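Residue numbers (the UniProt record's numbering): 1 to 101.
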(Lines of atoms letter the chains of each structure in order from A and count residues from 1; the text may use other names and numbers.)
(Lines give C-alpha, C1' and ligand atoms only; values in the text may rest on other atoms or scores of the structure.)
Protein backbone atom coordinates (compact mmCIF):
# COMPACT_ATOMS: atom_id res chain seq x y z
CA UNK A 1 0.00 0.00 0.00
CA UNK A 2 1.09 3.54 -0.66
CA UNK A 3 -0.37 5.28 2.37
CA UNK A 4 2.35 7.79 3.18
CA UNK A 5 2.97 10.69 0.81
CA UNK A 6 6.41 10.76 -0.75
CA UNK A 7 8.26 12.81 -3.31
CA UNK A 8 8.42 10.64 -6.44
CA UNK A 9 10.63 10.91 -9.48
CA UNK A 10 9.15 13.83 -11.48
CA UNK A 11 9.68 11.90 -14.71
CA UNK A 12 7.50 9.03 -13.45
CA UNK A 13 4.69 11.40 -12.54
CA UNK A 14 4.95 13.24 -15.86
CA UNK A 15 4.86 9.96 -17.80
CA UNK A 16 1.76 8.85 -15.91
CA UNK A 17 -0.05 12.14 -16.48
CA UNK A 18 0.81 12.00 -20.19
CA UNK A 19 -0.48 8.42 -20.49
CA UNK A 20 -3.66 9.23 -18.58
CA UNK A 21 -4.37 12.32 -20.68
CA UNK A 22 -3.95 10.53 -24.02
CA UNK A 23 -7.43 10.05 -25.55
CA UNK A 24 -6.06 7.30 -27.80
CA UNK A 25 -4.84 5.30 -24.84
CA UNK A 26 -6.01 1.71 -25.20
CA UNK A 27 -6.54 1.45 -21.45
CA UNK A 28 -9.72 3.49 -21.64
CA UNK A 29 -8.80 5.85 -18.81
CA UNK A 30 -10.34 8.76 -20.67
CA UNK A 31 -13.43 9.07 -22.79
CA UNK A 32 -15.51 11.87 -24.21
CA UNK A 33 -18.34 11.34 -21.73
CA UNK A 34 -16.08 11.76 -18.71
CA UNK A 35 -13.08 14.00 -19.31
CA UNK A 36 -10.33 13.28 -16.83
CA UNK A 37 -9.39 16.12 -14.49
CA UNK A 38 -6.44 15.18 -12.31
CA UNK A 39 -5.00 17.01 -9.34
CA UNK A 40 -1.40 16.12 -8.51
CA UNK A 41 0.11 16.21 -5.05
CA UNK A 42 3.41 14.50 -4.37
CA UNK A 43 2.94 10.83 -5.34
CA UNK A 44 -0.84 11.10 -5.79
CA UNK A 45 -3.00 11.75 -8.83
CA UNK A 46 -6.59 12.44 -7.80
CA UNK A 47 -9.78 12.77 -9.81
CA UNK A 48 -11.82 14.54 -7.12
CA UNK A 49 -15.05 14.62 -9.11
CA UNK A 50 -14.93 10.82 -9.45
CA UNK A 51 -13.69 10.05 -5.94
CA UNK A 52 -10.69 8.10 -7.19
CA UNK A 53 -6.96 8.35 -6.70
CA UNK A 54 -3.83 6.50 -7.75
CA UNK A 55 -0.63 6.64 -5.74
CA UNK A 56 2.87 5.82 -6.85
CA UNK A 57 4.44 3.63 -4.18
CA UNK A 58 8.04 3.07 -3.21
CA UNK A 59 7.75 -0.17 -5.19
CA UNK A 60 7.23 1.92 -8.38
CA UNK A 61 3.74 0.51 -8.77
CA UNK A 62 0.49 2.46 -8.92
CA UNK A 63 -1.95 1.78 -6.09
CA UNK A 64 -5.64 2.52 -6.84
CA UNK A 65 -7.82 4.09 -4.14
CA UNK A 66 -11.44 5.18 -3.83
CA UNK A 67 -12.82 7.82 -1.49
CA UNK A 68 -15.33 6.89 1.16
CA UNK A 69 -17.37 10.06 1.34
CA UNK A 70 -17.59 11.61 4.73
CA UNK A 71 -17.49 15.32 3.96
CA UNK A 72 -14.45 16.92 5.55
CA UNK A 73 -13.45 13.57 7.06
CA UNK A 74 -13.44 11.58 3.82
CA UNK A 75 -11.03 8.66 3.82
CA UNK A 76 -9.23 6.93 0.97
CA UNK A 77 -9.19 3.13 0.79
CA UNK A 78 -7.24 0.75 -1.45
CA UNK A 79 -9.62 -0.80 -3.96
CA UNK A 80 -7.57 -3.08 -6.23
CA UNK A 81 -4.11 -4.61 -6.54
CA UNK A 82 -1.19 -2.36 -7.43
CA UNK A 83 0.14 -2.35 -10.97
CA UNK A 84 3.11 -0.90 -12.85
CA UNK A 85 0.68 0.75 -15.29
CA UNK A 86 -0.91 4.06 -14.22
CA UNK A 87 -3.73 3.67 -16.75
CA UNK A 88 -4.61 0.20 -15.47
CA UNK A 89 -4.61 1.50 -11.89
CA UNK A 90 -6.94 4.35 -12.82
CA UNK A 91 -9.29 2.00 -14.68
CA UNK A 92 -9.36 -0.29 -11.62
CA UNK A 93 -10.18 2.65 -9.35
CA UNK A 94 -12.96 3.82 -11.70
CA UNK A 95 -14.40 0.31 -11.83
CA UNK A 96 -14.36 0.02 -8.03
CA UNK A 97 -15.94 3.46 -7.60
CA UNK A 98 -18.70 2.57 -10.08
CA UNK A 99 -19.49 -0.61 -8.14
CA UNK A 100 -19.80 1.35 -4.88
CA UNK A 101 -22.46 3.69 -6.27
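Each residue gets a CB set at the ideal place from its N, CA and C atoms; glycine is no exception. It should be emphasised that the depicted structure is a prediction, and the values quoted were computed from it without experimental measurement.
In chain order, what are the residue ranges of uninterrupted alpha helix (DSSP H) at least 4 long that sit wholly in the segment 18–100? Restricted to the segment 18–100, the alpha helix (DSSP H) segments that are unbroken, complete and at least 4 residues in length are 86–100, listed in chain order.
Thinking just about the alpha-carbon of each residue, which of 57, 66, 44 and 20 is nearest to the one in residue 97? The residue with the shortest Cα to Cα distance from residue 97 is 66.
So, at 8 Å on beta carbons, what are the nonlocal neighbours of residue 84 in its own chain, with the 5 sequence-adjacent residues on each side left out? Only 60, 61 and 62 meet the Cβ criterion.
Are the Cβ atoms of residue 37 and residue 8 separated by less than 9 Å? Not a contact, by the Cβ cut-off of 9 Å.
Classification of residue 56 by the beta-carbon crowding that lies within 10 angstroms, buried from 16 upward: Per the 10 Å Cβ criterion, buried.
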